[in-house]
Amino acid sequence: MSKHKRNNYQSFESHDGRYTRIFDDMIDSAAWDELSGNAIKLYIKMKRKYVPAYDGKGQLIKCNKDDISMPKSEYSKFMSPNTFQKCIDELISCGFIRVVEYKPLEGSRKVIIYGFSDMWQKYGTKDFVIKDEWKRAKNKNYI
7 MSKHKRNNYQ SFESHDGRYT RIFDDMIDSA AWDELSGNAI KLYIKMKRKY
57 VPAYDGKGQL IKCNKDDISM PKSEYSKFMS PNTFQKCIDE LISCGFIRVV
107 EYKPLEGSRK VIIYGFSDMW QKYGTKDFVI KDEWKRAKNK NYI
C-alpha cells in the first residue's frame, strides 16, 4: 500500500507546483475587508515568497517571514509603481506587513525588506497599533 495520498483534483484546480496558504479567518477579518483588490493581489504575490522549513516532527526550523522583497522588476509586471506604493501602504495600515529594513542606495534606488505581521488580527480594537518603524520612510511621523 502506498504512503502517498492521491488527491482527486477538480477540473478548476491546479495540481502542479506549490500552493499559497491563506486561512479563512484572515479572509473573514475586518482588516481584509478594508483592502482593495490590488492590495490583495500584492499580498498574495508576497505570500508566495514565504518559504518555511520544518523538521521531521513538523516543528518550524527557519523561515523568511521577515525577509520578503518585491523589486520593481517583479511588481511592474502586474501594477504601476504608484499603485504598488498605495497597496504597500494599505497592507501596512491594515496590519498585514511591515517594513523590516529600509536601505537607500545610490541615486533614487532603494531596497525595502518587508515582513509579515499578525497585527491584522487586532484590527478595529484598542490593541491595534501600527508602529512608526513599520511604515515606509515617506509615511513616518517626523517631529
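For the sequence shown, the working numbering assigns the number 7 to the initial residue and increments by one for each residue that follows. Just so it is clear, CB atoms sit at the ideal spot from N, CA and C, and this is done for glycine as well.
Within 10 Å of its beta-carbon, does Ile149 have 16 or more other beta-carbons around it, so buried, or fewer, so exposed?
Residue confidence is low: Ile149 scores 39 on pLDDT, short of 50, so the model does not pin down where it sits. Its coordinate-derived value is still stated next. So Ile149 counts as exposed.
TODO: Check the DSSP bridge columns for Glu107 and list the partner residues they point to.
DONE: Ile119
Worksheet item: How should Ser1 be labelled, buried or exposed, when 16 other C-beta atoms within 10 angstroms of its C-beta is the threshold for buried?
Response: The structure shown does not extend to residue 1, since the chain spans only 7 to 149, so no value can be given for it.
Query raised in the report: Taking the alpha helix (DSSP H) that Leu48 falls in, what are its first and last residues?
Result: 43 to 53
- Query: Any heavy atom of the ligand NAD within a distance shorter than 7 Å of the CB on Met76?
  - Reply: Only the bare structure without any ligand can be found here, which leaves the ligand NAD out of the picture.
Gly101: buried (16+ other C-beta within 10 angstroms of its C-beta) or exposed? buried
Contact belief for Lys53 with Ile94 at Cβ below 8 Å, rounded distance in angstroms = With 8 Å as the limit, Lys53 and Ile94 do not qualify as a contact, their Cβ atoms being about 14 Å apart.
Item to complete: Flag this pair as touching only if the stretch 107 to 119 and the stretch 72 to 83 have three or more C-beta atom pairs under 8 Å; answer yes or no.
Response: yes
* **Sequence-distant residues of its chain with Cβ nearer than 7 Å to Ile67 (five each side left out)** => Ala59, Tyr60, Asp61
Next item on the list: List the DSSP bridge partners of Leu97.
Entry: Answer by DSSP bridge pairing: none, since Leu97 is not bridged.
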